[in-house]
Amino acid sequence: MSEQHDFLQPGIDPAGLSTAGPMFAAFHGELVPHPWRDPESEHDAYQLFHQRSIAMGWLDEQSSAAGDERASKAPGLWAMNNAFCGTRHGDVEPFARFQVECSTPTNDRPLPVQPFLRCAEDTTARIGTAHLSAVQLLLPLQGIDPASRPRNALVPSMETCDWFGEHAPHAQTPVKITIDSGRNPSIPAVAHQLVGLLGSLEQDAFTPGKSGRVDEDGALPPPFADGFWNGPPLHGMTLRGELAEWSCDAVGWLAATIADSASHLGVRTPLLLSVVRG
């Protein structure tokens, strides 16, 4: 769909099952469509993202099944909501947007941001060549229960940080991260603690700067209405650091790590997170 107001609607689980809430990703930069691809093809972003989610075993098919069929359907990390990939209509508008209803993560697993962005990146690659300058995410922290986390899994994504343990030195990329809690002032209240917690984690995927700056304005305007989350973005912080590499994989790991770290510090509201290259 090309109209933003048609695309961006709060996620609803049709079966009424427990979910963490809507999870959203926007890709900023430039998309060069493949010259051989029919722009009117039926294989649009929604179909491609849906099929990629099934192929990877990540789509929750139980939530859309009715009655007795539900037991025979696979559980998963998210239920489909919508997807779009195409021409931008302004300098700050993303070229791709993906929205799912995120399943409630189990006690020892992070929000599935990494596989979510993997599917989004794979979908985009089927449509064109992406030159990604920023990723913007809506993270459903309200669906995380930090009290249920095992003591050895307070930040579950740390179990996979060694995926980035060896990387080419030239791949390290400076990034600017903006984290906003909307109308809720929780992020500025824990900004310095969050920087300290991220710096204390023994990992090489992300090296944070020494301080976080509290901001009133986010780096990128949210690509959805205020009522979709807890907007407008009024209470944010900016953090600079280095990612082991500039990839959706690394951004997804970082976002999940920030989500659990913030949740551990008492943040219970959806977070708008932007990761900007450079």
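Residue numbers (numbering that gives the first Met the number 0): 0 to 277.
We put the beta carbon where it would ideally sit given N, CA and C, even for glycine.
All values derive from a computational prediction rather than experimental measurement.
{"Check": "Going by C-alpha distance, which of 36, 96, 43, 75 is nearest residue 52?", "Outcome": "75"}
{"Check": "Which residue or residues does DSSP assign as beta-bridge partners of residue 207?", "Outcome": "240"}
{"Check": "Have a look at residue 267 and residue 175 and give me their C-alpha separation to the nearest angstrom.", "Outcome": "23 Å"}
{"Check": "Rounded to whole angstroms, what's the CA-CA distance from residue 104 to residue 54? Just pull it up for me.", "Outcome": "20 Å"}
{"Check": "Taking the continuous alpha helix (DSSP H) assigned at residue 261, which residues delimit it?", "Outcome": "247 to 263"}
{"Check": "Looking only at its chain, what residues have a beta carbon closer than 7 Å to the beta carbon of residue 36, apart from the 5 residues adjacent to it on each side?", "Outcome": "126"}
{"Check": "Determine the extent of the alpha helix (DSSP H) in which residue 193 is found, giving its start and end residues.", "Outcome": "185 to 199"}
{"Check": "What does the Cβ neighbour count give for residue 20, buried or exposed, with the cut at 16 atoms within 10 Å?", "Outcome": "buried"}
{"Check": "For residue 93 versus residue 49, is the C-beta spacing smaller than 9 Å?", "Outcome": "no"}
{"Check": "Evaluate residue 229 with the Cβ neighbour count: other Cβ atoms within 10 Å of its Cβ, from every protein chain shown; 16 or more gives buried, anything less gives exposed.", "Outcome": "buried"}
{"Check": "In whole angstroms, what is the alpha-carbon distance linking residue 169 and residue 206?", "Outcome": "15 Å"}
{"Check": "Using a Cβ-Cβ cutoff of less than 6 Å, which residues in the same chain neighbour residue 56 once the five nearest sequence positions on both sides are dropped?", "Outcome": "none"}
{"Check": "Please identify the residue among 87, 23, 208 whose C-alpha is closest to the C-alpha of residue 78.", "Outcome": "23"}
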